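**Student:** Okay, here's the structure, questions in a sec.
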Amino acid sequence: MRAPTILLADDDDIGRYVIATMLRRAGFVVTEVADGRSAVSAVLASPPDVAVLDVKMPGLDGFEACRRIKSHEDTRHVPVLMLSATFLETDAQVEGLETGADVYLTQPVEAPVLAATIRSLMRARNLETEVRLAAAEWRTTFDAISDAVAVLDGDGVVVRANRAFMAAFGEGVVGTRVDALDVGRDSGELALGDRTHSVRVDLVPDELGKSPRLVVTLSDITVARRSERERAEAFVREQTISRTLQQSLLPERLPSDERLALHAWHLAAEQELIVGGDWYDVIEADGGLWLVIGDVAGHGIAAATQAGQLRHSLRVYAHEGFGLAESVRRLNELVTGTELTDMATMCILALSHDSDEVRMVSAGHPPPVLIPAGGPPRLAVETHDVVLGVVGAHYEESTFTFAPGDRLVLYTDGLVERPGEMIDDGLERLVQACAGIEGLEALRLHVVTSLVGDAHPRDDVALLLAERQVH
Numbered sequence: 000m001r002a003p004t005i006l007l008a009d010d011d012d013i014g015r016y017v018i019a020t021m022l023r024r025a026g027f028v029v030t031e032v033a034d035g036r037s038a039v040s041a042v043l044a045s046p047p048d049v050a051v052l053d054v055k056m057p058g059l060d061g062f063e064a065c066r067r068i069k070s071h072e073d074t075r076h077v078p079v080l081m082l083s084a085t086f087l088e089t090d091a092q093v094e095g096l097e098t099g100a101d102v103y104l105t106q107p108v109e110a111p112v113l114a115a116t117i118r119s120l121m122r123a124r125n126l127e128t129e130v131r132l133a134a135a136e137w138r139t140t141f142d143a144i145s146d147a148v149a150v151l152d153g154d155g156v157v158v159r160a161n162r163a164f165m166a167a168f169g170e171g172v173v174g175t176r177v178d179a180l181d182v183g184r185d186s187g188e189l190a191l192g193d194r195t196h197s198v199r200v201d202l203v204p205d206e207l208g209k210s211p212r213l214v215v216t217l218s219d220i221t222v223a224r225r226s227e228r229e230r231a232e233a234f235v236r237e238q239t240i241s242r243t244l245q246q247s248l249l250p251e252r253l254p255s256d257e258r259l260a261l262h263a264w265h266l267a268a269e270q271e272l273i274v275g276g277d278w279y280d281v282i283e284a285d286g287g288l289w290l291v292i293g294d295v296a297g298h299g300i301a302a303a304t305q306a307g308q309l310r311h312s313l314r315v316y317a318h319e320g321f322g323l324a325e326s327v328r329r330l331n332e333l334v335t336g337t338e339l340t341d342m343a344t345m346c347i348l349a350l351s352h353d354s355d356e357v358r359m360v361s362a363g364h365p366p367p368v369l370i371p372a373g374g375p376p377r378l379a380v381e382t383h384d385v386v387l388g389v390v391g392a393h394y395e396e397s398t399f400t401f402a403p404g405d406r407l408v409l410y411t412d413g414l415v416e417r418p419g420e421m422i423d424d425g426l427e428r429l430v431q432a433c434a435g436i437e438g439l440e441a442l443r444l445h446v447v448t449s450l451v452g453d454a455h456p457r458d459d460v461a462l463l464l465a466e467r468q469v470h
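Going by numbering that gives the first Met the number 0, the sequence shown opens with residue 0, and the numbers climb by one from there.
Encoded structure:
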């Protein structure tokens with residue numbers, strides 16, 4: 000297996016030597032340049048696994064170098080990590096991220112944090128490559144289907160069409176209302192040239208059943224109906240893409256800690272082709288653990304991508320030593336100051352190995368359930384902070400006691416929300432379902448069975464359970 004390659008650009012010889020030494024000791028192959036223009040040329044000539052750019056460089060600074068790398072077709076997928084010992088303010092970090100940088104770190108930076116951040120960028124890039132290839136395969140398969148297939152939104156507008164459909168109705172068919180296509184709805188047939196096609200319209204409701212999509216298929220009735228298998232394979236590919244992206248939001252494994260038992264679980268919504276923005280994480284920070292759960296509004300690739308960016312950014316903030324409230328404030332600035340346009344909720348609990356006190360910051364997220372040892376379950380705290388995505392929002396810490404034998408249940412709103420009822424009703428059901436059950440896995444099974452049942456929920460559900468061990 001080849002060693003990962005890093006392009007390091009820094010005009011300061013001493014600073015460049017220090018960072019290069021850190022990276023080489025971590026197992027990376029490092030190519031060094033001393034200015035932004037050389038960095039762009041080197042990346043274009045031989046794209047590295049990650050480009051590390053200092054911000055303050057003569058001539059072409061790190062911001063412009065990053066912008067040029069990200070704007071070039073051959074290098075826009077190269078992860079860029081920006082470093083600066085002078086541009087430390089939030090505006091500089093926002094500018095760096097807006098130019099296309101994937102991560103912005105301020106110096107001094109610890110070697111383990113730098114190496115871990117680069118490896119995280121490489122994992123994200125590898126996953127993005129897999130998803131991009133799978134998407135290209137899916138599109139190729141979709142276009143190769145011999146039947147003419149189009150997807151219509153709830154207003155009857157064509158939002159996607161394969162080549163056969165565009166060959167029949169023109170390249171500009173996407174964005175056209177179906178009423179303008181002269182589809183023989185009554186006869187169920189359509190004449191195209193000297194051949195006759197059957198017209199099939201399939202209704203695909205969304206998770207709430209309010210904005211259905213229609214899949215219109217024109218099949219040549221003179222040949223065998225081979226399109227069903229081809230469509231099924233295409234949708235299986237899309238499902239694989241969606242689930243691959245969904246799994247990238249969740250940690251591969253939870254930390255092992257003899258003082259704390261952890262159990263996590265995720266259930267996809269009833270429409271498995273739609274990826275969601277629900278996620279959880281456990282971060283080692285502050286001499287203890289941060290338990291994190293979050294939910295980006297909406298569904299689809301955009302929501303999942305934003306959830307991944309929030310998760311990654313929070314890990315970086317935690318490793319840089321920022322506290323709970325400051326980390327959430329920075330995440331809010333990231334959402335309001337960049338192209339992360341969807342609002343999100345999040346709850347972070349900081350558990351210490353040396354204290355029973357839990358510090359918590361919530362950004363509009365439903366409160367965790369606390370199950371005291373020998374006592375009735377209850378909501379741990381009342382939360383009033385606003386969601387991520389509100390300009391100038393302020394976030395504060397609250398505290399509660401988490402003693403040996405106590406348990407915590409963190410969850411996303413898909414577990415407790417139901418159409419036509421108040422969320423307080425769902426919270427009360429959850430609190431009641433947490434009573435009298437021993438063991439984290441048994442507790443999770445009972446909670447899910449009680450609130451969701453055997454079917455897929457209307458919205459994604461994420462659960463993170465913790466129990467402080469008795470010694």
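All C-beta atoms, glycine included, are put in the ideal place defined by N, C-alpha and C. All values reported here derive from a predicted model rather than from experimental measurement.
What's the C-alpha gap between Asp341 and Ala296?
**Tutor:** Here residue 341 is taken as the residue at index 342 of the sequence shown, counted from 1. Here residue 296 is taken as the residue at index 297 of the sequence shown, counted from 1. Asp341 and Ala296: Cα-Cα distance of roughly 6 angstroms.
**Student:** On a CA-only basis, which of Val28, Arg377, Asp412 is nearest Gly435? Give me that one, please.
**Tutor:** For the purposes of this step, residue 435 is taken as the residue at position 436 of the sequence shown. Minimum Cα distance to Gly435 is reached at Arg377.
**Student:** So for Gly153, helix, strand or coil by DSSP?
**Tutor:** Working through the sequence shown from its first residue, we reach residue 153 at position 154. In this structure, Gly153 counts as coil in the three-state DSSP scheme.
**Student:** Taking the alpha helix (DSSP H) that Gly287 belongs to, which residues open and close that run?
**Tutor:** Numbered from 1 along the sequence shown, position 288 holds the residue referred to as residue 287. No alpha helix (DSSP H) contains Gly287, which is instead part of the beta strand (DSSP E) from 287–298.
**Student:** DSSP state of His265, grouped into three classes?
**Tutor:** Position 266 of the sequence shown, counted from the start, is the residue given in the question as residue 265. Correct three-state label for His265: strand.
**Student:** Determine the DSSP secondary structure at Ala115, reduced to helix, strand or coil.
**Tutor:** What you label residue 115 is simply residue 116 of the sequence shown in a count that begins at 1. If DSSP states are grouped into helix, strand and coil, Ala115 belongs with the helices.
**Student:** If contacts are defined as beta-carbon pairs under 8 angstroms, then Gly287 and Leu350 qualify, I think. What distance do you get, rounded to the angstrom?
**Tutor:** If you number the sequence shown from 1, residue 287 lands on position 288. If you number the sequence shown from 1, residue 350 lands on position 351. Contact flag correct, Cβ pair sits at about 5 angstroms.
**Student:** Where does Gly388 land, buried or exposed, given buried means 16+ other C-beta within 10 angstroms?
**Tutor:** Within the sequence shown, the letter at position 389 stands for residue 388. That one is buried.
**Student:** Less than 9 angstroms separating the beta-carbons of Arg299 and Arg310?
**Tutor:** Counting from one through the sequence shown, the residue named residue 299 turns up at place 300. Counting from one through the sequence shown, the residue named residue 310 turns up at place 311. In the sequence as displayed, the identity of residue 299 is Gly instead of Arg. Result no, Cβ atoms of Gly299 and Arg310 do not sit closer than 9 angstroms.
**Student:** At which residues does the beta strand (DSSP E) containing Cys346 begin and terminate?
**Tutor:** For the purposes of this step, residue 346 is taken as the residue at position 347 of the sequence shown. Residues 343–351.
**Student:** Which same chain residues, not among the five before or five after Leu450, have their C-beta less than 8 angstroms away from its C-beta?
**Tutor:** For the purposes of this step, residue 450 is taken as residue 451 along the sequence shown, with counting starting at 1. Cβ within range, chain order: Leu414, Val415, Gly425, Arg428, Leu429, Ala432.
**Student:** Can you give me the Cβ contacts of His76 inside the same chain, cut-off strictly under 6 angstroms, excluding the 5 residues immediately before and after it?
**Tutor:** In the sequence shown, residue 76 corresponds to position 77, counting from 1. For His76, where only same-chain residues beyond five positions count, there are no Cβ hits under 6 angstroms.
**Student:** If we call anything under 9 angstroms between Cβ atoms a contact, is Ala160 one with Val177?
**Tutor:** Here residue 160 refers to the residue found at position 161 of the sequence shown. Here residue 177 refers to the residue found at position 178 of the sequence shown. No.
**Student:** Just curious, the beta strand (DSSP E) that Phe399 is in, first and last residue?
**Tutor:** Position 400 of the sequence shown, counted from the first residue, corresponds to residue 399. Unbroken beta strand (DSSP E) run through Phe399: 397–400.
**Student:** Please report how far the alpha carbon of Leu407 lies from the alpha carbon of Asp219, in whole angstroms.
**Tutor:** One-based indexing of the sequence shown puts residue 407 at position 408. One-based indexing of the sequence shown puts residue 219 at position 220. Approximately 58 angstroms, taken between the alpha carbons.
**Student:** On the DSSP letters alone, give me the boundaries of the beta strand (DSSP E) that Arg406 sits inside.
**Tutor:** Taking the first residue of the sequence shown as 1, we reach residue 406 at position 407. Run containing Arg406: 406–410, per the beta strand (DSSP E) assignment.
**Student:** Just list the residues that DSSP pairs Tyr103 with in beta bridges.
**Tutor:** Within the sequence shown, the letter at position 104 stands for residue 103. BP columns for Tyr103 point to Met81.
**Student:** Rounded to whole angstroms, what is the Cα-Cα separation between Thr400 and Leu22?
**Tutor:** Position 401 of the sequence shown holds residue 400. Position 23 of the sequence shown holds residue 22. Using only the alpha carbons, I get a separation of about 42 angstroms.
**Student:** Could you give the first and the last residue of the continuous beta strand (DSSP E) run that contains Met359?
**Tutor:** In the sequence shown, counting from the first residue as 1, residue 359 sits at position 360. First-last of the beta strand (DSSP E) with Met359: 356–362.
**Student:** Only counting the same chain, and skipping five residues up and downstream in sequence, which positions put a Cβ closer than 6 angstroms to that of Phe86?
**Tutor:** Numbered from its first residue, the sequence shown carries residue 86 at position 87. Correct list, in chain order: Val54.
**Student:** Going by other Cβ atoms of all chains shown within 10 Å of its Cβ, with 16 needed for buried, is Asn125 buried or exposed?
**Tutor:** Walking along the sequence shown from the start, residue 125 turns up at place 126. Asn125 comes out exposed.
**Student:** Report the residue from Ala143, Asp152, Ala123 whose alpha carbon sits nearest the alpha carbon of Met165.
**Tutor:** Within the sequence shown, numbered from 1, the residue matching residue 165 stands at position 166. Closest by alpha carbon: Ala143.
**Student:** Note down, in chain order, each residue of its chain lying with its Cβ closer than 8 angstroms to the Cβ of Asp355, except the 5 sequence neighbours on either side.
**Tutor:** Taking the sequence shown and counting its residues from 1, one reaches residue 355 at position 356. Correct list, in chain order: Thr400, Phe401, Ala402, Pro403, Arg467.
**Student:** With distances taken between CB atoms, is the gap from Ser312 to Val360 smaller than 9 angstroms?
**Tutor:** Taking the sequence shown and counting its residues from 1, one reaches residue 312 at position 313. Taking the sequence shown and counting its residues from 1, one reaches residue 360 at position 361. No, these two residues do not count as a Cβ contact at 9 angstroms.
**Student:** In chain order, what residues of the same chain have a beta carbon less than 7 angstroms from the beta carbon of Val390, not counting five sequence neighbours either side?
**Tutor:** Along the sequence shown, one-based indexing puts residue 390 at 391. For Val390, where only same-chain residues beyond five positions count, the Cβ hits under 7 angstroms are Thr335.
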